[in-house]
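For reference, the structure is listed below as structure tokens.
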Amino acid sequence: LAVVLTALYTTLADKINCIAQGTDGTADATACSDGVTQCSGPKFVEYTGLSDIEYKCNACVKGTEDRCFTCTGDSCNKDREPEETGTDFLCRDWEFKEDSEKWDLAKSNSNSTCKRLKATKIECNRPGAKAVKGTPVSVCGPCKPDAKKKKLCADCEGDRCNSAGSIFTVFV
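Remember, this note's numbering sits 97 above the position in the sequence shown when you count from 1.
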């Protein structure tokens with residue numbers, strides 16, 4: 098009987114709890130399967146916000162590390178301290194105009210809402226001088242270094258700084 102109770106206690110003691118559903122972190126932590134030692138959940142992605150990754154028992158799925166965090170231990174994804182976010186800001190939307198075969202501000206005169214951590218600069222981007230149809234344009238945040246070097250993207254600092262008449266500074 099003592100051996101059975103010891104084995105049962107060891108099995109129960111080895112189980113950890115994780116939030117195992119949803120993306121907002123408000124669910125209660127529940128017991129994970131035997132042998133599980135890690136929990137995971139959504140990560141804040143600069144200029145996009147909290148990712149759509151679900152909280153769960155086990156590590157992040159390979160290839161999602163940029164949007165998912167993994168932690169070790171009981172309730173680690175429940176007790177995780179949230180990152181301090183800064184005020185949202187806006188960047189102008191751009192679209193490729195088929196008739197003129199060039200990039201221009203979106204006809205709807207729309208803006209994208211950009212999310213950031215408190216210490217992150219407010220930066221926008223737009224199609225660069227050599228951007229062609231199909232060039233990816235995200236508008237929120239700085240250009241990727243390679244796209245900037247190839248003049249496929251131009252960036253600037255400030256809320257809605259990426260309008261058509263804005264003067265773009267090349268940040269080194």
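Virtual Cβ for every residue (Gly too), placed ideally from N, Cα, C. Predicted, not measured: the structure shown is a model, and the values here were computed from it.
Item, Value
"Classify Leu214: buried if its beta carbon has 16 or more other beta carbons within 10 angstroms, exposed otherwise.", "exposed"
"Give the DSSP bridge partners of Glu192, in chain order.", "Asp201"
"The beta strand (DSSP E) that contains Ala244, what's its start and end?", "That residue, Ala244, is in no beta strand (DSSP E); its alpha helix (DSSP H) goes 242-246."
"Tell me which same chain residues have a C-beta within less than 6 Å of the C-beta of Asp176, skipping the five on either side of it?", "none"
"Look at Thr232 and Pro242 and say whether their C-beta atoms are less than 7 Å apart.", "no"
"Pull up the CB-CB distance for Ser137 and Cys157, whole angstroms please, since I reckon it's below 8 Å.", "5 Å"
"Going by DSSP in three states, Asp163 sits in which element: helix, strand or coil?", "coil"
"For Ser260, which residues of its own chain have a beta-carbon under 6 Å away from its beta-carbon, when the five flanking residues on both sides are left out?", "Arg189"
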